[in-house]
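Below: the structure, in structure tokens.
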Amino acid sequence: MFSTLKKYWLGALIALLFGTGAVLIYVRLHPPQLAENLIQGTGRIDGDLINLNAKYAGRISRIDVEEGEQVRRFQTVAVIDSQESRAQHDQVVARLDAARREFRSREIELEILRRTLPQTLLKADANLALSQRSRDELDRTVSMQKNIVAQSEKDFERMHDLVGKRLVESRQLETAELKLKTDREQLSALMYKRKQLDETISIAQSSRVEALLAQRKIDAMQEANNALSAGIKAMEATQAQSQAVLDEMELRSPVNGFVVERIAHGGEVVGAGNPVVTLIDPSSLYLKIFVDTLQNGKIKIADRAVIFVDAYPDHPIAAKVVRIEQKAEFTPKEVSVASDRIQRVYAVHLKPLKPDPLLKLGLPAVGVVSLDGKNLPVTLREVPE
0 MFSTLKKYWL GALIALLFGT GAVLIYVRLH PPQLAENLIQ GTGRIDGDLI
50 NLNAKYAGRI SRIDVEEGEQ VRRFQTVAVI DSQESRAQHD QVVARLDAAR
100 REFRSREIEL EILRRTLPQT LLKADANLAL SQRSRDELDR TVSMQKNIVA
150 QSEKDFERMH DLVGKRLVES RQLETAELKL KTDREQLSAL MYKRKQLDET
200 ISIAQSSRVE ALLAQRKIDA MQEANNALSA GIKAMEATQA QSQAVLDEME
250 LRSPVNGFVV ERIAHGGEVV GAGNPVVTLI DPSSLYLKIF VDTLQNGKIK
300 IADRAVIFVD AYPDHPIAAK VVRIEQKAEF TPKEVSVASD RIQRVYAVHL
350 KPLKPDPLLK LGLPAVGVVS LDGKNLPVTL REVPE
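Numbering (numbering that gives the first Met the number 0), first residue to last: 0 to 384.
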């Protein structure tokens with residue numbers, strides 16, 4: 000009985016091996032075929048490399064990233080130090096600060112002059128008018144006093160003649176002489192007062208002229224302030240330029256991506272335009288496949304496609320055709336389809352509809368394009384090797 004059971008299991012095993020071999024032979028002789036609306040191609044993942052270059056020469060003080068590290072947009076990647084640029088910036092800032100303080104001081108002085116000048120001019124005009132009126136009144140008084148003196152002189156001469164003729168007493172002559180002397184002294188006092196008024200008028204006129212000149216000074220100061228303001232704007236532009244130079248010394252990532260290569264190292268001196276770090280933007284990655292002339296004529300821009308990588312055969316990455324080369328080229332070495340090697344082929348770019356973390360720069364991949372948007376495979380096992 001044991002011998003019979005052993006023969007039974009041996010026969011079953013032989014039958015299983017025979018069946019498995021038959022299936023493998025069938026699969027080998029009948030590989031999966033693509034539908035007529037599908038075009039397959041192989042290639043490598045490519046993308047647009049971004050070189051972060053030093054815009055200005057300087058010494059690298061630090062590099063904050065490593066190769067393969069993920070970076071965010073605007074993240075600081077490296078810092079370049081330039082003592083000359085920093086010194087120039089500090090000098091511009093100091094000059095600008097001094098110019099601004101001088102401008103504010105001049106503006107205060109100008110505002111004071113603008114407020115006090117009208118009052119000064121009004122006061123000068125009022126003093127001048129008052130002095131002129133006083134002089135006019137004094138002139139009338141002087142004229143009257145001159146007439147009085149002239150009359151006193153006539154009275155004195157008449158009394159002198161009458162005394163000589165013994166017609167009046169000498170006492171009356173003394174009285175006339177005293178009156179003449181008094182009138183002349185009053186006239187002298189009035190003339191002295193008029194002289195003082197003339198000096199007062201001259202001072203008032205000078206004050207008015209000074210007030211008018213102050214107006215011209217205000218105009219000149221305003222022009223000077225305008226020129227200083229223009230100079231400040233020019234210095235502000237220079238400061239912005241020097242600040243921009245310092246900002247450019249701090250290299251920042253323009254994209255959300257990954258570091259491909261650190262070209263320079265901390266402590267090195269780099270020249271203007273020299274690359275420091277190379278980045279890659281995942282959204283720029285695409286698969287570059289190659290098709291023959293007959294297939295190339297069928298493919299159109301925006302045709303639907305899928306991308307497969309060997310490590311994840313059951314993970315189709317939705318894509319579309321974004322570029323079809325116009326010139327044919329010899330089959331690249333990485334294209335493993337034997338029939339492609341005996342003819343010239345066209346490059347076709349398949350770009351994922353959205354960035355996929357499975358795609359890496361230089362990674363081999365398989366792309367399948369649908370000419371009508373249908374029947375795209377969902378696994379790499381449906382694609383012929």
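All residues carry an ideal CB built from backbone N, CA and C; glycine is no exception. Being a predicted model, the structure only gives us computed values, none of them experimental.
Using the three-state DSSP reduction, which class does residue i fall into: helix, strand or coil?
| i | result |
| --- | --- |
| A271 | coil |
| Y55 | coil |
| P281 | helix |
| Q69 | strand |
| E324 | coil |
| L370 | coil |
| L379 | helix |
| V365 | strand |
| I300 | coil |
| A337 | Residue confidence for A337 is low, a pLDDT of 44 falling below 50, so the modelled location carries little weight; the figure read from the coordinates is stated next. Three-state result, A337: helix. |
| P354 | coil |
| I13 | helix |
Looking at the unbroken beta strand (DSSP E) that takes in residue i, where does it start and where does it end?
| i | result |
| --- | --- |
| R43 | 37-45 |
| V305 | 303-308 |
| V347 | 343-351 |
| G256 | 256-261 |
Would residue i pass as a contact of residue j if the rule is Cβ separation under 9 Å?
| i | j | result |
| --- | --- | --- |
| V365 | V320 | no |
| M220 | R105 | yes |
| L379 | D313 | yes |
| E66 | R261 | yes |
| S206 | T115 | no |
| H348 | I62 | no |
| Q218 | R134 | Sequence check: residue 218 is Asp here, not Gln. No, the pair does not count as a contact, with Cβ atoms beyond the cut-off. |
| K297 | L245 | no |
| G46 | L284 | yes |
| G230 | A98 | yes |
| P383 | N50 | no |
| N224 | L121 | no |
| D160 | K178 | no |
| M158 | L172 | yes |
| S60 | D89 | no |
| K54 | E222 | no |
| V92 | Q240 | no |
| G419 | K287 | As shown, the chain starts at 0 and ends at 384. That puts residue 419 outside it, with no answer to give. |
Would you mind working out which of the options sits nearest residue i, comparing C-alpha positions?
| i | options | result |
| --- | --- | --- |
| K350 | I13, I44, R165 | I44 |
| T140 | E184, A98, L120, L189 | L189 |
| L352 | K216, L375, A301 | A301 |
| Q69 | T277, P383, I288, E324 | T277 |
| E176 | L112, E152, K164 | E152 |
| L186 | K145, H159, V91 | K145 |
| T181 | K287, V148, L127 | V148 |
| Y311 | K359, V208, L179, Q242 | K359 |
| L112 | Y285, P383, E209 | E209 |
| L127 | I38, M234, I202, D291 | I202 |
| Q131 | S142, E101, A86, Q204 | Q204 |
| P117 | N52, L212, Q294 | L212 |
| V76 | N52, A93, E83 | N52 |
Which two residues bound the contiguous alpha helix (DSSP H) that contains residue i?
| i | result |
| --- | --- |
| R132 | 82-163 |
| E247 | 169-247 |
Compute the beta-carbon to beta-carbon distance between residue i and residue j, rounded to the nearest angstrom, for a pair I have assumed lies under 8 Å.
| i | j | result |
| --- | --- | --- |
| L48 | V259 | 6 Å |
| D280 | V254 | 4 Å |
| A56 | A318 | At roughly 43 Å, the Cβ-Cβ gap does not stay under 8 Å, so A56 and A318 are not in contact. |
| V305 | L375 | 5 Å |
| R58 | G372 | Their Cβ separation, rounded to whole angstroms, is 56 Å, which puts R58 and G372 out of contact at 8 Å. |
| E324 | V78 | Not a contact, Cβ separation roughly 41 Å. |
| F257 | A346 | F257 to A346, Cβ: 24 Å. No contact. |
| R343 | A327 | 4 Å |
| I38 | Q294 | 5 Å |
Measuring from the CB of residue i, is there a heavy atom of the ligand MG at a distance below 8 Å?
| i | result |
| --- | --- |
| T378 | As for the ligand MG, it is missing from this structure, which has no ligand bound. |
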